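Q: Each number in the numbering used here corresponds to the 1-based position in the sequence shown with 2 added.
A virtual CB, placed ideally from N, CA and C, is assigned to each residue, including glycine.
Source: prediction; values computed, not measured.
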Amino acid sequence: RPPTDAAVVWFRKCLRLHDNAALVEAVEVAPQHVCPVFVIDPHFAPGSVGVNRFAFLLESLRDLDCQLRKRYGSRLLVLRGKPETVFGSLLQTGEPVLKGKPRLLMWERDTEPYARKRDAAVEKLAEENGVEVRTFAGHTLYDPEEAIKANKGKVPNAMPAMVALAKLLGDPPMPLKTPAKLPSLPVGVPARVDKAFSVPSLEEMGYDPPPEKSSFPGGESAGLLRLSEKLKDSAYICGFQKPKTRSTAFNPPSTTGLSPYLKFGCVSARHFFYGLKNVYARKKHSQPPESLLGQLYFREIAYLQGFSVPNFERQAGNPACKPIPWGKNPKLLAAWEQGRTGFPFIDAAMRQLTRVGWLHHLARHAVACFLCRGDLWLSWEQGRDVFDKYLLDADWSINTMNWLALSGAAPWSPPFFRVYNPAPKMDSALNVQDPEGNYIREFVPELSKMPKEYIYTPWTAPLEVQKAAKCIIGKDYPRPVVDHAKVSAENIARFKRALSETKATGAKGSSGASSRSA
Ligand code: FAD
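1. Could you pull the start and end residues of the alpha helix (DSSP H) that residue 110 belongs to?
2. Could you tell me whether the region 398-413 touches the region 315-325, where touching means 3 or more Cβ pairs closer than 8 Å?
3. From what residue to what residue does the beta strand (DSSP E) around residue 30 run?
4. One question on the structure: do residue 128 and residue 107 come within less than 8 Å of each other, judged by their Cβ atoms?
5. In the DSSP assignment, the alpha helix (DSSP H) including residue 42 goes from what residue to what residue?
6. Could you tell me whether any non-hydrogen atom of the ligand FAD is closer than 7 Å to the CB of residue 526?
7. Mapping the DSSP letters down to three states, classify residue 186 as helix, strand or coil.
8. Tell me the rounded alpha-carbon separation between residue 503 and residue 491.
9. Compare the Cα-Cα distances from residue 468 to each of 451, 35, 482 and report the closest residue.
10. On the DSSP bridge assignment, give the partners of residue 8 in chain order.
11. In the structure shown, what three-state DSSP assignment does residue 511 receive?
12. Kindly indicate which three-state DSSP category residue 228 falls into: helix, strand or coil?
13. Tell me the DSSP bridge mates of residue 134?
14. State the Cα-Cα distance for the pair residue 463 and residue 475, rounded to the nearest angstrom.
15. Provide the residue(s) that pair with residue 392 in DSSP beta bridges, ordered along the chain.
16. So is residue 507 buried or exposed if we call it buried at 16+ other beta carbons inside 10 Å?
17. Decide yes or no for the touch test of the region 290-308 against the region 152-165: beta carbon pairs closer than 8 Å, at least 3 of them.
18. Spatial neighbours of residue 519 within its chain, please: CB distance less than 8 Å, with the 5 preceding and 5 following residues excluded, ordered by chain position.
19. So which of 169, 270, 311, 189 has the shortest CA-CA distance to residue 157?
20. From this set, 378, 41, 178, which residue's C-alpha is nearest residue 27's C-alpha?
21. What does a CB cutoff of less than 6 Å around residue 448 pick up in its chain, not counting 5 residues either side in sequence?
22. For residue 43 and residue 84, which I take to be in contact (beta-carbon distance under 8 Å), what is that distance rounded to the nearest angstrom?
23. Less than 7 Å between C-beta atoms, sequence neighbours within five positions excluded: which residues of the same chain meet that for residue 209?
24. Tell me, which residues are paired with residue 465 by DSSP?
25. Taking residue 82 as part of the beta strand (DSSP E), name the residues at either end of that continuous run.
26. For residue 264, verify whether its CB is less than 7 Å away from any heavy atom of the ligand FAD.
27. Pop quiz: residue 275 and residue 17 are said to be a contact at Cβ under 8 Å. What is the actual Cβ separation, rounded to whole angstroms?
28. Could you say which of 248, 487, 264 lies nearest to residue 376 if we only look at CA atoms?
29. With a threshold of 7 Å on Cβ separation, who are the neighbours of residue 273 within its own chain once the five nearest residues in sequence on each side are excluded?
30. Give the secondary structure of residue 255 by DSSP, where H, G and I count as helix, E and B as strand, and everything else as coil.
31. I believe residue 305 touches residue 359 by the beta-carbon criterion, under 8 Å. Please report the beta-carbon distance rounded to the nearest angstrom.
32. Out of 262, 333, 361, state which residue places its alpha-carbon closest to the alpha-carbon of residue 253.
33. Hey, would you say the C-beta of residue 366 is under 7 Å away from at least one heavy atom of the ligand FAD?
34. Taking the alpha-carbon positions, what's the residue 422 to residue 372 distance?
35. Using three-state DSSP, classify residue 326 as helix, strand or coil.
36. Could you name the residues of the same chain whose beta carbon sits closer than 6 Å to that of residue 134, not counting the 5 residues immediately before and after it, in chain order?
Right under this line is the structure:
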C-alpha cells in the first residue's frame, strides 16, 4: 500500500488542544492530513485503575473528541489494544484506520518507566517501517533531560534547590496557542471509522458505574474553566499558603483541585505557571514552598527525581530510600484500604479516596504516616499502590516521591519521629479545623450521630452515648486496630534501630514492588 501523507498525533497524557506541541508541529509539517489517535491500553484496566479515574479519562477523551469535531471538523480515533500491537499494524499498513502507513508519528514525551519502554518499542516499529517520529517535552515546566543537564547532573530534592534551578533556567517555555485550523483526516478515514473507534462507555470497559457523580468532571474544558475561576480570585492565588489550607474541606476543596487535570495533561503546567505569573505581577504574593508556584515546583521536583533516580518506585536498589524492614500484615493493610481502622479521621480520608478519588494533601499525609512509620509499620510501596489505584490524580512520579517522603525513608523526608496523631481533633499539623467532625460524618456515616466530643475518638464514648448514636463500637464501627501511643513509640524505636544498623553495615534496600499509574 502506498503511504498516506498524514501525521498521526498520538494523544496519551496531553489530553488538550492548548499548549500541545505535537499538534502545533503536525499542523506545520503535515498540511495535508492530521490524524488524532488515542490507544486504550489494557495495562490500565479495572483491576489496577479505579472507576473514578477511568471515568475521568473517558470524559477527557469525549471532551477532546468533541472539541476536535467542533473546531476543526476532525475527530479522535480511539483504538484499543497494546500500543506496540496497535502501532505494529498502523505503522505498517495504516490498518485499521488509514489506507496506508502515515508519514509521521508525533507525541508528548513521558518520563515514567512503563511509558519509556512502550515508547521505545513504538519508536523501533516506526523506524522499521520508515515512519518519522517526532516527540516533545510539555508535561512539565521544563524538559527534565535539559534541566538536569543544565544543573550539571544534580537533581533537586528540596525547594531551595528547585528555586535555584528555576532561576538558572529562567521562565519555562511559553504555552503554545490552540491551533486555529487542523488539517483534515486522511482521505477515506471518515468512511472507514465507525463506533469501534469512538470513546467507549465505562460499561464496555468492564466497569460498574462510579459510586456518585464526580465533582471533578474530566477534560480540558472543565480543567481550563476550573483554572480560570481560581485565577480570577487574586486574593486566593496571592494568599495561598498550603499548610494553612483546611484538610477537611472537600466540596469545594481548599486547594485548587487541579491535580487530576494536570495528571492527564488536560491543563498544561506551563499554562498554569503563566496564569500564576500574571496574577502575581499585580500583587504581593506568597512564596515557595507554600505558594501555588511552590506546588508546581514540588511537581517538577517529583518529575526530575522520577526521571533520574534508579529504581525510584521501590525500596530495593533505590539510592533515595533508606532500607527499613517494614512488616507484612494483609489484614491491617485491608483495614486501612477499606477505611476500617477504627480511627475515624483516617477512615474518612481512606473512604474519600475510594469514593471520590481525591483527598487533601494533609489527609494524604495523615493516612500515609499512619500506614508506615506512624502506626501500622507497613511498606510505603503498598500504600503507594493503593493510592495509585484509586486517585484521580495518581501520578507515578508525584505519588512515589510523596510516599517516599511520608514513610520517613527518603533524604527529603520530614523527621521520622514526628508522627501525626490519627485522632487530630485540634491538630494544627494536619490543619483539620473541623471540631464538629463534619468530614467524618460525611465519609463514615456510621458515626453521623456521634456527639462531637467523641467523633474523633468514638471508642472513648460511654456505652449509653454509643447506643444513643446508634453506633456500638466493635459492632457497628471497629475498635482501633492499634494502640496509637504504644505502637508509634515502638515504631520510632524500630526506625531508629534500622537507621543505625544501616549506618553500621552500609546495607541497601531489600523489598520489591511493582507500580502503574498513567
Ligand atoms: P494544589 O495545592 O492546588 O497544588 C497545585 C498542583 O501542584 C497540584 O495539582 C499538583 O499537580 C502539584 N502539587 C501539589 N502538591 C504537590 C506535592 N506535594 N508534590 C508534587 N506536586 C504537588 N499528587 C498528585 O498529583 N498525584 C499523586 O499521585 C499524588 N500522590 C500523593 C501521595 C502522598 C502520600 C502525598 C502526601 C501527596 C501526594 N500528591 C499527589 C501531592 C498532593 O497531595 C496533590 O498534588 C494535591 O493534594 C492535589 O490537590 P490540588 O490540585 O488541589 O493541589
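A: Looking at the coordinates:
1. Looking at the DSSP string, residue 110 is not in any alpha helix (DSSP H); the run it does join, the beta strand (DSSP E), is 106-110.
2. yes
3. Unbroken run through residue 30 is the alpha helix (DSSP H), 23-31; no beta strand (DSSP E).
4. yes
5. Counting along the chain, residue 42 falls outside any alpha helix (DSSP H), though it belongs to the beta strand (DSSP E) covering 35-42.
6. Only positions 3 to 520 of the chain appear in this structure, which leaves residue 526 out of reach.
7. strand
8. 19 Å
9. 451
10. 35
11. Because the pLDDT at residue 511 is just 45, under 50, the model does not fix this residue reliably, and the point stays unresolved.
12. helix
13. 106
14. 9 Å
15. Its beta-bridge partners do not exist; DSSP assigns none.
16. exposed
17. yes
18. With a pLDDT of only 48 at residue 519, under 50, the local geometry of the prediction cannot be trusted, and the value read off the model is given with reservation. Contacts found: 114, 116, 390, 396, 397, 398, 401.
19. 311
20. 178
21. 473, 478, 479
22. 6 Å
23. 48, 53, 56
24. DSSP, once it has assigned bridges, lists no residue as partnering residue 465.
25. 79-82
26. yes
27. Not really, about 19 Å apart at Cβ, beyond 8 Å.
28. 487
29. 20, 21, 177
30. strand
31. Residue 305 to residue 359, Cβ: 22 Å. No contact.
32. 361
33. yes
34. 7 Å
35. coil
36. 106
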